[in-house]
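Accompanying notes for the structure given below.
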Amino acid sequence: MAVDVGVGVSTPVENEEKKTNLKSTRVNFETNSAFSSLVHNNFKWSKSGITVAGDELNQLQVPAGLYIDDDDTLYIADTFNSRIMEWKSGATVRRVVGGENGAGPKMNQLQYPMDVIVDHERDSLIICDEGNNRIVQWPRQGGTTGQIIISDISCFGLAKDNAGFLYVTDSGNCAVRRWQMGDYTREGIVVAGGH
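Each residue of the sequence shown is one higher than the one before, starting from 7 at the first, in our numbering.
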């Protein structure tokens, strides 16, 4: 399957306006079971997406990780704003659900989050807090602080499987590690790389 993706370059011009030059890039995807399992069943490609960047609630700045929940709610690791955003399908109001106190190392802050997934069993978010070398669990509804569940890890990606395992990229050790969801007391088992 091939998808044409518009790539835009914005440059400031007179009167604070922006001029956008669009180019088309062809991206080829090979459909296989690994890729298909990462895409939600209700996922749809859209050719008319709107690109925004900034720090307002309706803007993102270098979004890195994305999780699509069963009700089509998007949870977005808004990396350069050091926050996790919740965008409900069809809603005009977006909200910060993690890291709303600016970038930093405190438990109510995130520093360059790279990915996010939902732990439905614990009604929480699991966040790769890459800038703080930790993975935090954050209450999904009304949480103001996170809890460190895995420390001293350079995490760029998260995934979970149907058997209840959490998979974490450990880029500092060139590995993918696995933990039983909810049991982070032991060191993760290396399931790929790590040589």
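Built from N, CA and C at the ideal position, the CB exists for glycine as well.
query: Who are the Cβ neighbours of Gln117 in its own chain at under 8 Å, not counting the five residues just before and after it?
result: Ser88, Ala109, Gly110, Pro111, Asp135, Glu136, Gly137 and Asn138
- prompt: From Phe171 to Met187, what does the alpha carbon distance come to, in whole angstroms?
  reply: 5 Å
field: Residues near Val124 by beta carbon distance below 8 Å, same chain, minus five either side
entry: Tyr73, Asp75, Tyr81, Ser130, Leu131, Ile132 and Arg146
- request: Pick out the complete beta strand (DSSP E) segments inside the stretch 104–131, 3 residues or longer, and give them in chain order.
  value: 119–125
field: Helix, strand or coil at Glu193 according to DSSP, with G and I counted as helix
entry: coil
message: Within the continuous beta strand (DSSP E) that includes Ser157, where are the two ends?
response: Gln153 to Ser157
- request: Determine the contact status of Asp121 and Ala169, defining contact as a CB-CB distance below 9 Å.
  value: no
Proximity winner among Asp167, Thr175 and Gly149, relative to Ile156 (alpha-carbon distances): Thr175
field: Short Cβ contact (9 Å threshold) for Trp185 with Gly194
entry: yes
Thr85 burial status per 10 Å Cβ neighbour count (16 or more: buried): buried
message: Starting from Gly163, trace the beta strand (DSSP E) in both directions and tell me its first and last residue.
response: Cys161 to Lys166
field: Pick from Phe162, Asp78 and Ile154 that is closest to Thr191, judged by C-alpha positions
entry: Ile154
- prompt: Can a CB atom of chain C be found closer than 9 Å to the CB of Asp158?
  reply: You won't find chain C in this structure, because it holds only one protein chain.
message: For Val142, list the residues DSSP reports as bridge partners.
response: Ile133 and Ile154
query: From the DSSP output, which residues share a beta bridge with Phe171?
result: Gln186
- request: Just the C-alpha distance for Arg128 and Ala70, rounded to the nearest angstrom, thanks.
  value: 24 Å
field: Member of Gly152, Ala97, Met91 and Ala181 whose CA lies at the smallest distance from the CA of Glu62
entry: Met91
task: Provide the residue span of the beta strand (DSSP E) that contains Ala83, from first to last.
output: Leu80 to Asp84
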